[in-house]
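J.: Residue numbers (the working numbering): 7 to 759. This is the structure, below, for whatever I ask next.
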Amino acid sequence: MSRPASPARRRFLGRSAGAGVALLLGVQADGAIAALSDNGQAGAAPGDFMPNAFIRIGTDGRVTLVSKQPEIGQGIKTSLPMVLAEELEVDWKSVRVVQGDLNPIYGSQGAGGSTSTPANYDNFHRLGATARTMLVRAAAQAWNVAAAECRAENGAVVHGASGRTLGYGALVRTASTLPVPLAASVVLKDPATYRLLGTRVGGVDNALVVSGRPLFGIDTRLPGMLYATYVKCPVPGGRPVEANLAAIKAMPGVKAAFIVEGTENLNGLRPGVAIVADSTWNAFRARKTLRVTWDEGEGARHSWPGFVAQAQAASGQPGAAVMRKDGDVDAALAGAARTVEANYVYPFISHASMEPQNCTAWFKPADGTLELWAPTQNPGAGQALVAATFNIPKDKITLHITRSGGGFGRRLSSDFIVEAAAIAQRVKAPVKLTWMREDDLQHDHFRAGGFHFLRGGVDAEGKVVAWHDHFVTFANRVDRKESDGGTASVLLAGSGANLSGDEFPGRWLANCLIEQTPLECRIPMGPWRAPGSNVFAWVFHSFIDELAHAAGRDPVAFRLDLLGDKDLVAGTGERGVPYNVGRMRAVLNAVAEKSGWGRRTFARGQGAGVAFHFSHRGYVAEVAEVTVSKEGRLRVDRVVVVADVGAQVVNLSGAENQVQGAVIDGLSTLMYPALDIDKGRIVQSNFHDYPLLRMPDTPPRVEAHFLKTAYPVTGLGEPALPPLAPAVCNAIFAATGKRVRELPLAKADLSWS
Numbered sequence: 007m008s009r010p011a012s013p014a015r016r017r018f019l020g021r022s023a024g025a026g027v028a029l030l031l032g033v034q035a036d037g038a039i040a041a042l043s044d045n046g047q048a049g050a051a052p053g054d055f056m057p058n059a060f061i062r063i064g065t066d067g068r069v070t071l072v073s074k075q076p077e078i079g080q081g082i083k084t085s086l087p088m089v090l091a092e093e094l095e096v097d098w099k100s101v102r103v104v105q106g107d108l109n110p111i112y113g114s115q116g117a118g119g120s121t122s123t124p125a126n127y128d129n130f131h132r133l134g135a136t137a138r139t140m141l142v143r144a145a146a147q148a149w150n151v152a153a154a155e156c157r158a159e160n161g162a163v164v165h166g167a168s169g170r171t172l173g174y175g176a177l178v179r180t181a182s183t184l185p186v187p188l189a190a191s192v193v194l195k196d197p198a199t200y201r202l203l204g205t206r207v208g209g210v211d212n213a214l215v216v217s218g219r220p221l222f223g224i225d226t227r228l229p230g231m232l233y234a235t236y237v238k239c240p241v242p243g244g245r246p247v248e249a250n251l252a253a254i255k256a257m258p259g260v261k262a263a264f265i266v267e268g269t270e271n272l273n274g275l276r277p278g279v280a281i282v283a284d285s286t287w288n289a290f291r292a293r294k295t296l297r298v299t300w301d302e303g304e305g306a307r308h309s310w311p312g313f314v315a316q317a318q319a320a321s322g323q324p325g326a327a328v329m330r331k332d333g334d335v336d337a338a339l340a341g342a343a344r345t346v347e348a349n350y351v352y353p354f355i356s357h358a359s360m361e362p363q364n365c366t367a368w369f370k371p372a373d374g375t376l377e378l379w380a381p382t383q384n385p386g387a388g389q390a391l392v393a394a395t396f397n398i399p400k401d402k403i404t405l406h407i408t409r410s411g412g413g414f415g416r417r418l419s420s421d422f423i424v425e426a427a428a429i430a431q432r433v434k435a436p437v438k439l440t441w442m443r444e445d446d447l448q449h450d451h452f453r454a455g456g457f458h459f460l461r462g463g464v465d466a467e468g469k470v471v472a473w474h475d476h477f478v479t480f481a482n483r484v485d486r487k488e489s490d491g492g493t494a495s496v497l498l499a500g501s502g503a504n505l506s507g508d509e510f511p512g513r514w515l516a517n518c519l520i521e522q523t524p525l526e527c528r529i530p531m532g533p534w535r536a537p538g539s540n541v542f543a544w545v546f547h548s549f550i551d552e553l554a555h556a557a558g559r560d561p562v563a564f565r566l567d568l569l570g571d572k573d574l575v576a577g578t579g580e581r582g583v584p585y586n587v588g589r590m591r592a593v594l595n596a597v598a599e600k601s602g603w604g605r606r607t608f609a610r611g612q613g614a615g616v617a618f619h620f621s622h623r624g625y626v627a628e629v630a631e632v633t634v635s636k637e638g639r640l641r642v643d644r645v646v647v648v649a650d651v652g653a654q655v656v657n658l659s660g661a662e663n664q665v666q667g668a669v670i671d672g673l674s675t676l677m678y679p680a681l682d683i684d685k686g687r688i689v690q691s692n693f694h695d696y697p698l699l700r701m702p703d704t705p706p707r708v709e710a711h712f713l714k715t716a717y718p719v720t721g722l723g724e725p726a727l728p729p730l731a732p733a734v735c736n737a738i739f740a741a742t743g744k745r746v747r748e749l750p751l752a753k754a755d756l757s758w759s
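Encoded structure:
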C-alpha cells in the first residue's frame with residue numbers, strides 16, 4: 007500500500023539536499039549527513055549512518071539503499087543499488103532497497119533514453135566507496151591503528167594484522183561523526199575483484215510482483231479516496247461544448263461531474279469531462295451514460311489515407327529541409343552499375359503499456375499543497391507541468407514515484423498527472439484517476455508514422471556510390487517564443503520523427519542526400535522505445551540489404567565494407583557521441599561467428615538475415631533465422647544478439663532480460679500493431695483490434711552475448727530493439743525472395759511456391 011512520506015522525511019530531504027548533491031557530484035561536503043536526527047528514511051532510527059542520500063546503515067547492521075530512478079520494468083531499481091552494494095562491501099541478501107520520491111537531493115530522476123546507468127554508474131561507485139572508506143576509518147579509530155591496515159569485507163571491517171572484526175552496525179555511530187573524505191582519498195575497487203556486479207541477480211520487487219502485492223501506481227490507496235475517469239474528445243485538440251452532467255451526477259455512487267477547460271497543449275491538460283465516484287466501477291459505469299457535444303477542431307479532417315496521398319505528392323518535390331548533402335547523388339546514380347528504388351512505410355502505433363495511465367492526487371486548500379502518487383518515467387517534468395498549469399510553486403508539490411506497469415517512453419509524458427491534479431483541485435478528498443484501456447490506446451502520445459522514399463546505387467565492384475532518402479514525417483504546429491519576445495507558429499516534428507543527417511550510412515558516403523518534409527497533424531506524439539532508431543534501423547538496414555543483394559554480395563561482408571576501416575567517424579553523432587566504427591565492426595563480426603553465418607545451407611522457405619544499429623550509446627548486431635511456410639506463415643526460429651554496452655554488465659540477469667524483452671517487443675511491433683486514423687480519431691480501441699505478439703509466436707531461442715570493452719558503461723533498455731525488425735525482414739527475403747517494405751508484417755503476403 008502506497009502511503010504519504012512522513013514529515014520527518016520531507017524535513018530531512020530539504021535540509022540535506024546540499025550535502026547529498028555535493029557528494030553525488032564527488033565534491034567534499036562538510037560532514038556526513040547521518041548526524042541529522044531527522045534522517046528521514048522510512049524506518050530509520052536515530053544514530054543510523056547516512057553518509058549520503060542513498061545509503062543508510064543501522065546500528066543492527068541492516069543496510070538500506072535508495073533507488074532514485076523510476077522502475078518501469080527495466081531493472082534499474084536493482085542494478086544501481088548493486089553498484090552501491092559492490093563498493094560498500096555488503097552481502098546483497100542483507101540489503102533492502104526503497105524507492106526514493108522526487109527530490110533535488112537525488113539529482114536527475116528519470117527513466118528514458120537508456121540514460122539511468124551511464125548517468126549514475128561512476129557516481130554511485132564513488133558514493134559506495136566513500137561510505138566504505140568512512141566505515142574503515144571508524145574501525146581504525148576504534149582499534150587505534152592505521153586505516154591502511156584494515157579492509158571492508160561482507161558488511162564488516164577486518165584488521166589484517168590481528169584478524170579483529172567489527173560489523174558495520176557497531177561502527178555507525180563513530181562513522182557518523184567523521185567528515186566526508188576528499189574524493190582523491192577514496193579508492194574504488196578493482197573491477198577484477200567484483201563479487202556482485204556481472205552476476206545474475208533477481209529483481210528486488212520480483213516477489214511482490216508475482217504475488218500481486220500493492221506496488222504499482224494503480225494500487226495506491228488512501229483513506230477517504232475517491233475515484234475518477236476523464237473523457238477527452240476523440241479528435242485530439244477538440245473541446246467539450248456541453249454534456250449531460252445533471253444526469254451523470256444523479257447516478258449511483260457519482261460524487262461530481264464537471265467540464266475541465268484545459269489548454270491548447272496536446273501533451274498537457276487537454277479539455278475534457280471529469281466524473282468522480284466512490285469506486286472506479288461506478289465512475290466507468292457513469293461514463294457509459296455520458297453524452298458530450300464536441301467541437302472537434304481542425305484535426306477532424308485528418309486520415310491515414312489522406313496522409314498517404316500527401317506523402318506521395320511530397321515525394322515528387324524537393325524536401326522541405328536538407329539534413330545532409332554530400333557530392334552529387336544524381337550523377338552518381340546515373341553512373342552506377344545497379345540502382346535500387348524503394349518506398350518504406352510504417353504506421354502510427356501506441357505504447358499499449360499493461361498498466362493504463364493513472365495518478366492519485368490530493369490537493370489541500372488549507373495550505374495550497376498538492377501530493378501526487380504517479381507511475382511516471384519523468385517525475386520532474388510532471389511536477390513542472392502541474393506547477394506551470396495551475397501556478398502552484400514546485401515546493402508545494404510532492405510527487406511519490408510508484409513502480410510502473412510498463413513504460414516504453416509513454417510515461418515520459420505527464421498528461422495523466424496534470425489531469426489528476428485538475429480533478430483534485432475540484433474535489434475535497436484524495437482522488438485516483440484511472441484511464442480505461444480505450445483511453446490508453448486512443449489518447450496515447452503515439453510513435454509517429456513515416457514514409458521513406460529511397461534511391462541507392464552500387465558500382466561494378468559492389469560498393470555503395472549513392473544514397474538518397476526523402477523522409478516524409480509528421481509534425482505538430484506549436485507557438486515558439488522568439489528572441490525578440492514574440493512568438494512564431496512553427497511545425498515541430500514529433501519525437502522520433504526527426505531524421506539526423508548523421509544517421510548511418512550518411513557520414514560514410516561521398517554522395518548522400520537526406521531530406522525531410524513534415525506533414526502537419528493534430529496527433530500527439532511522444533517517445534517510443536528507442537525513439538527514431540526503432541524505425542530508422544528497419545528502413546536503412548532493409549534498404550542496405552537490398553543494395554547488398556543488388557550487388558550480389560554477402561550481406562555481412564557488404565556491411566563490413568560499408569563501415570570501412572576507420573575507428574571513428576566524425577560528426578555530431580547521437581547526443582554528441584561519435585560513431586565508433588571499431589565497436590560496430592566487432593559486434594558484427596561476433597554475431598556472424600556466434601550465429602554460424604555462412605556455415606549453413608538453408609532450404610527454400612528458410613533463411614537468415616542480419617542487421618546492426620548504434621542506439622542510445624549501445625552497439626548491437628543481430629542475426630535472425632526464420633521459416634516461412636508456402637502459405638506465408640512466419641516463424642522466427644532463432645535470434646542471436648551481440649551487444650557492446652561498455653566495460654561492465656551490471657546485472658547479467660537484467661541484461662539478458664532486456665535483450666530478450668527487446669527482441670520480443672521488436673518482433674511484436676514488427677508483426678502486428680497499426681493504428682488507423684479516420685476523421686481525426688484513432689479507430690482501434692483495445693487488444694481485440696490492436697493485437698500484440700502471443701507466446702506461441704515468440705522465438706524459441708534468443709541468445710544474448712555481451713562484448714566487454716574498455717568504454718564507459720551504458721544502458722540496455724533500448725539498444726537491442728532496433729536491429730530486430732530489419733534482421734527478420736532480411737531473413738524473410740532470404741527465405742522467400744519477398745521484400746517487406748510496409749509495416750506491420752501482418753499486412754504482407756509472404757506466401758511462395
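We put the CB at the ideal spot given by N, CA and C, even for glycine. Everything numeric in this text was worked out from a predicted model, so none of it was measured.
Where does Pro702 fall in DSSP's three states?
T.: helix
J.: Could you check if Asp450 is buried or exposed, using at least 16 other CB atoms within 10 Å of its CB as the buried criterion?
T.: buried
J.: In chain order, which alpha helix (DSSP H) runs of at least 4 residues are fully inside the segment 93 to 172?
T.: 122 to 149
J.: The beta strand (DSSP E) spanning Ala348 covers which residue range?
T.: Arg344 to Tyr352
J.: I need the boundaries of the alpha helix (DSSP H) containing Ile738, first residue and last residue.
T.: Leu730 to Thr742
J.: DSSP three-state call for Met56: helix, strand or coil?
T.: When secondary structure is reduced to three states using DSSP, Met56 falls in the strand class.
J.: For Pro561, report the span of its alpha helix (DSSP H) as first-last.
T.: Pro561 to Leu569
J.: Alpha carbons only, please: which of Gly208, Arg143, Ala754 and Ala135 is nearest the one belonging to Glu662?
T.: Gly208
J.: Tell me which residues share the same chain as Gly507 and place their Cβ nearer than 7 Å to its Cβ, disregarding the 5 neighbours each side in the sequence.
T.: Met329, Arg330 and Ile520
J.: Return helix, strand or coil for Ile550, following the three-state DSSP convention.
T.: helix
J.: Considering just the uninterrupted stretch of the beta strand (DSSP E) at Ser321, what are its terminal residues?
T.: Not the beta strand (DSSP E): Ser321 falls in the alpha helix (DSSP H), residues Trp310 to Ser321.
J.: Can you find a heavy atom of the ligand ADP that lies under 6 Å from the Cβ of Leu221?
T.: Looking at this structure, you won't find the ligand ADP or any other ligand, since it has none at all.
J.: Ignore the nearest five residues each way along the sequence and tell me which others in Val237's own chain have a CB closer than 7 Å to its CB.
T.: Gly278, Val279, Arg293, Leu296 and Val298
J.: Return the CA-CA distance between Ser120 and Asn126, expressed in angstroms with no decimal places.
T.: 11 Å
J.: What's the gap between the Cα of Thr493 and the Cα of Glu270?
T.: The straight-line gap separating the alpha-carbon atoms of Thr493 and Glu270 is approximately 15 Å.
J.: Does the Cβ-Cβ distance between Ala428 and Pro728 come in under 7 Å?
T.: Going by C-beta atoms, Ala428 is not nearer than 7 Å to Pro728.
J.: Within this structure, are the beta carbons of Thr226 and Thr366 separated by less than 7 Å?
T.: yes
J.: To the nearest angstrom, how far is the alpha carbon of Glu637 from that of Leu569?
T.: 37 Å
J.: Under a Cβ-count criterion, where at least 16 other Cβ atoms within 10 Å of its own Cβ denotes burial, should Asn692 be classed as buried or exposed?
T.: exposed
J.: Mind checking whether Phe422 and Gln383 have CB atoms under 7 Å apart?
T.: no
J.: What three-state label does DSSP hand Leu751 in the structure shown?
T.: helix
J.: Please report the distance separating the alpha-carbon of Asp401 from that of Leu221.
T.: 26 Å
J.: Three or more beta-carbon pairs under 8 Å between the segment 304 to 323 and the segment 279 to 289, yes or no?
T.: no
J.: Across which residues does DSSP place Ser495 in a beta bridge pair?
T.: Asp485
J.: Between which residues of its own chain and Leu722 is the CB-CB distance below 6 Å, once the five residues before and five after are set aside?
T.: Val651, Ala661 and Gln664
J.: Does Trp347 pass the burial test, meaning 16 or more other C-beta atoms within 10 Å, or should it be called exposed?
T.: In the sequence as presented, Trp is not what sits at residue 347; that position holds Glu. When all chains shown are included, Glu347 counts as exposed.
J.: Work out the CA separation of Trp758 and Arg641 for me, nearest whole Å.
T.: 15 Å
J.: If you reduce the DSSP assignment to three classes, tell me which class Leu658 lands in.
T.: helix
J.: Consult DSSP for Ser506 and reduce its assignment to one of helix, strand or coil.
T.: coil
J.: Given this structure, state the Cα-to-Cα distance separating Ala752 from Asp66, to the nearest angstrom.
T.: Their backbone Cα atoms lie some 59 Å apart in a straight line.
J.: So for Asn45, helix, strand or coil by DSSP?
T.: Model confidence at Asn45 stands at a pLDDT of 31, short of 50, so the residue's coordinates are unreliable; what they give is reported in the following sentence. DSSP places Asn45 in the coil class of the three-state scheme, outside both helix and strand.
J.: In terms of alpha-carbon separation, which member of Ala627, Gly413, His458 and Gln448 lies closest to Ala360?
T.: Correcting the residue type first, residue 360 is Met in the shown sequence and not Ala. With respect to the C-alpha of Met360, the residue from Ala627, Gly413, His458 and Gln448 having the closest C-alpha is Gly413.
J.: Comparing alpha-carbon positions, which option in Trp473, Thr479, Val562 and Phe60 lies nearest Phe457?
T.: Thr479
J.: Sort out for me which residues DSSP pairs Leu574 with in a bridge.
T.: Asn586
J.: May I have the straight-line CA-CA distance separating Gly491 from Pro242, to the nearest angstrom?
T.: 29 Å
J.: Looking only at DSSP bridge pairs, what is Gln612 linked to?
T.: Thr633
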